[in-house]
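Number of protein chains: 2
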Amino acid sequence: MPAANPNRERSRVVIIGAGFAGIKAAQKLGKLPVDVTIIDRKNHHTFQPLLYQVALAVLSPGDIAQPIRAILHKNRNTEVVMDEVLAIDTTARQVSVASGAIMAYDYLIVATGSTHSYFGHEEWAKIAPGLKTIEDATDIRRRVLLAFEYAERQMLETGAHPPLRFVVVGGGPTGVELAGAISDISKLYMTKDFRHIDTKTAEVLIVEGGPQILGMYPEDLQKKALEQLHGLGVEVRCGARVTDIQPGFVMVGEERIESVCTLWAAGVAPSPLGKMLGVELDKKGCVLVNERLNPKNRPEIFVCGDLAHFEQDGKQVPGVAQPAMQMGDYAAKRIGLLAARSDKAAYQKPFRYFDKGDMATIGRKAAVARIVWPFHANWSGFIAWMTWMFVHIFFLIGFRNRYSVFLSWAFTYITEQDGVRLIVGSQNLPGWELLAATDNSDKN
Amino acid sequence: MPAANPNRERSRVVIIGAGFAGIKAAQKLGKLPVDVTIIDRKNHHTFQPLLYQVALAVLSPGDIAQPIRAILHKNRNTEVVMDEVLAIDTTARQVSVASGAIMAYDYLIVATGSTHSYFGHEEWAKIAPGLKTIEDATDIRRRVLLAFEYAERQMLETGAHPPLRFVVVGGGPTGVELAGAISDISKLYMTKDFRHIDTKTAEVLIVEGGPQILGMYPEDLQKKALEQLHGLGVEVRCGARVTDIQPGFVMVGEERIESVCTLWAAGVAPSPLGKMLGVELDKKGCVLVNERLNPKNRPEIFVCGDLAHFEQDGKQVPGVAQPAMQMGDYAAKRIGLLAARSDKAAYQKPFRYFDKGDMATIGRKAAVARIVWPFHANWSGFIAWMTWMFVHIFFLIGFRNRYSVFLSWAFTYITEQDGVRLIVGSQNLPGWELLAATDNSDKN
């Protein structure tokens, strides 16, 4: 097959993964005299911070995902390849993909992020799905909505239904957002929909193994978040270990907790592509990178985003969107300098994560925000939520997405209705077993 | 189990199917002193006339589908049951659903519409999907977009790709709309997305068994439609019989036509629920109904929409949205009179389909419209398209859907981009075999 770029005068850059780091790098490299190939298994970039809103039926998949080709179509030096990487040969400097094609590179950016980790209990994945992709989000939406449908049907048949308890395993930002949103839909949006069940009786429980929810946040914000969750009626158990997950219930230590729908927001594992590089990994499997985001002795390889283990001030930089984008940006700039054989490359400052802060929403009008830039502040409540909203709209890629999300939010906010409560997938209403387990036909 | 309605003073109405007829009937009955149960396998009503726009990535599923509960939540006398009907006992007057519940009725409306018919070749369904549900639409979207991705990948690997030919079997309104829309996306929206293939080289072929496309339309509009299709580069073969469909090709008579993606818009079969009534059916399986939309000797049963075979002026009323809505409306009114034991029931006029006309779009700015009301006219081209657009926005259920669709169309029209070209489902890029066949994991 022909080389990815027959014009050997220009350096060839291969980017694996079109998440925040990969897209940022591609956008930057699109303006430089290099040839770029970006490879992803999906045809779209997903704005992961809003995935939970797709899962809870506030937004549509199309609102938060954008075809990679559409994002990059102005970059005439860039190829988009929808394929799966099978191997990376760091000696021959080439990447093999499932279709059989082989892409040669001069510089490689690996930014394939992370996936769910069930801590060795992969069998839990079918019962308690996590939230990483559009498919995950529609699967979760289906399970949550069907839990209500199922309870309504049980009431109709037997006059009773098991408690509508939703268990979210993990009290990080995703867990908190999911829990708050489930509480919202059951207490606000769905109340008028059913005749036999009272959706307000739905219970939401967060089970967190650590001593606190939102471990990354300062203590006062953790406390505020807890208060806001309690205000929404969400129960939180910290220091609680999930020992088993079965259809219909969760074991926390020795205690059996009935659950009509269990969601997993507890653990992530780095993408297996890190291993393909044959370089040093940390215990979790993240690639250890130096201050130029290179693995040891591999100045032509850059690892960015969640997959990178980068330490700054003695702490690992967290696996969220901001550092990923900054890493992608840095790697692209550095490749630009190296490819131009610029003297500036030698003097380029090492990568440093510029921490602007973190935010997590808790339901419809509450959030916590740890703000570092442009000023220091810890905010919670409505003002944090407004900040969260504007920052997220601002960072959404694509004009269409931005207006669509803004209008959806405005609509939801004003009418207290959300409008995309569609269940797609299996046409047959499942029983408990099927409700809990995923069969393939439902995994859109 | 308790009866659907313990208050026996009010008549119980069961509606099966939440399409145009069922929803219209439910809306009407919601204001009358009866108790209503509406049963559907899906949790949402689908605005079928715009399904092809979901399939071709102009609209999102949430734009044209609305949860049944949300549409009817103001009708306090109405139950929504998401379930599958297994049997209808017309003697005991009760309906059994898959969950085991049994719903007694005093009046029954059956409006379950139709499904695809492959004329005895059910094996074609996997290769050439039809367009009836949201799941079908996202499946078709995936196949169409993957065909382009696959061609791009082949170019990258081998420097050549098979012709990008899309074959649409059937030249009715759905076939014409699908063909026009595929031509649009390949010639307008996707041109900038790929580096190696020229999406404009995509060919679209309609294979129609009958002597003309758009058989229901007057001759001059058929001709205009053909001209407009030719203008878009769509090839049309009439009087052509599809004898086999295989992954990668279609047999038309003895001729083998290569096809990267084959879509089925040729035949519909009435829903199998007609048979459960134990009444007289026509050859196709539609329920023969009298001028009050009742099967013979069953004045308490109403069959509405596609499933009904109703003749007016010697012709069968067509299976489209308008007659379905009018039938639903009529049945609801009649049930209101009968339930109130009103003398007016005896004098109620028979059902008569008030034909306002028909419309079919052909791509982005063209359409044909046979207008009967408020004046007679046969329109084609841009004016027909504008009419089509406003009528469809007007009839969309739900404010949110209406503004969202309007803005999506405005955006698409102005920017010549469509924004929801997301491929969801199988993460692995399939080869030809998989591209053509559906495995379960790809459904929706």
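Here the protein sequences come in this chain order: E and F. Count along the first sequence from 1, add 339, and you get the number used in my numbering. Count along the second sequence from 1, add 339, and you get the number used in my numbering. Don't be surprised by glycine CBs; every beta carbon is placed ideally from N, CA and C.
- When C-beta atoms of the region 372-386 of chain E are compared with those of the region 645-659 of chain E, fewer than three pairs fall below 8 Å, so the two segments do not count as touching.
- Of the residues E:488, E:406, E:563 and E:604, the one whose Cα lies closest to the Cα of residue 457 of chain E is E:604.
- Of F:744, F:568, F:634 and F:424, the smallest CA-CA separation from residue 353 of chain F is found for F:424.
- Residue 576 of chain F sits close to residue 544 of chain F, with the two beta carbons spaced by under 8 Å.
- Note that the C-beta distance between residue 490 of chain E and residue 536 of chain E is below 8 Å.
- Within the model, the alpha-carbon separation for residue 734 of chain E versus residue 461 of chain F is close to 47 Å.
- Close to residue 532 of chain E, with beta-carbon spacing below 8 Å, are these residues of chain F in chain order: 406, 408, 409, 412 and 419.
- If you check each beta-carbon in the region 388-405 of chain E against every beta-carbon of chain F, the ones closer than 8 Å belong to 399, 400, 401, 402, 404 and 405.
- Taking a contact to require three or more Cβ pairs closer than 8 Å, the region 557-565 of chain E and the region 715-731 of chain E qualify as touching.
- Taking the Cα of residue 492 of chain E as reference, the smallest distance to any Cα among F:436, F:539, F:493 and F:522 is reached at F:436.
- By the beta-carbon neighbour count (other beta carbons within 10 angstroms, threshold 16), residue 404 of chain E is buried.
- Against chain F, the beta carbon of residue 742 of chain E has neighbours under 9 Å at 746 and 750, listed in chain order.
- One thing to note: residue 541 of chain F has its Cβ no nearer than 8 Å to the Cβ of residue 480 of chain F.
- When the alpha-carbon of residue 751 of chain E is set against those of E:391, E:390, E:349 and E:396, the nearest one is in E:396.
- Under the Cβ criterion (8 Å, minimum of three pairs), the region 602-620 of chain F counts as touching the region 507-517 of chain F.
- The beta-carbon of residue 761 of chain E is placed less than 8 Å from the nearest beta-carbon of chain F.
- Annotation for residue 486 of chain E: 503, 505, 599, 600 and 774 place their beta carbon closer than 8 Å to its own, counting only its chain and skipping 5 residues before and after.
- The closest CA to that of residue 568 of chain F, considering only F:386, F:701 and F:708, is found on F:701.
- The beta carbons of residue 723 of chain E and residue 707 of chain E sit closer together than 8 Å.
- Between residue 703 of chain E and residue 523 of chain E, the C-beta spacing is below 8 Å.
- In terms of Cβ geometry, residue 630 of chain F and residue 689 of chain F form a close pair [threshold 8 Å].
- By the Cβ-count criterion, residue 693 of chain F is exposed, with fewer than 16 other Cβ atoms from all chains shown falling within 10 Å of its own Cβ.
- For residue 470 of chain E, the nearest beta carbon of chain F is not closer than 8 Å to its own beta carbon.
- DSSP places residue 445 of chain E outside both helix and strand once states are collapsed to three, so it counts as coil.
- Here residue 696 of chain E is near residue 709 of chain E, since their CB atoms are less than 8 Å apart.
- The beta carbon of residue 731 of chain F sits no closer than 8 Å to any beta carbon of chain E.
- Rounded to the nearest whole angstrom, the CA to CA distance from residue 381 of chain E to residue 417 of chain E is 17 Å.
- No Cβ of chain E is located within less than 8 Å of the beta carbon of residue 447 of chain F.
- Looking from the CA of residue 584 of chain E, the closest CA among E:459, E:510, E:619 and E:705 belongs to E:459.
- About 4 Å separates the beta carbon of residue 450 of chain E from that of residue 356 of chain E, a gap short enough to meet the 8 Å contact definition.
- Any Cβ of chain E closer than 8 Å to the Cβ of residue 461 of chain F would place that residue at the interface, and such an atom is absent.
- Contact check for residue 413 of chain F and residue 672 of chain F: beta-carbon distance about 19 Å, past the 8 Å limit, so the pair fails to qualify.
- Under the rule that a run must span 4 or more residues, the alpha helix (DSSP H) segments found entirely inside the region 343-396 of chain F read 359-368 and 390-394.
- As the crow flies, the alpha-carbon of residue 648 of chain F is around 5 Å from that of residue 627 of chain F.
- Proximity to residue 549 of chain E across E:508, E:572, E:571 and E:731 peaks at E:508, based on C-alpha coordinates.
- Assigned with DSSP and collapsed to three states, residue 515 of chain F falls in helix.
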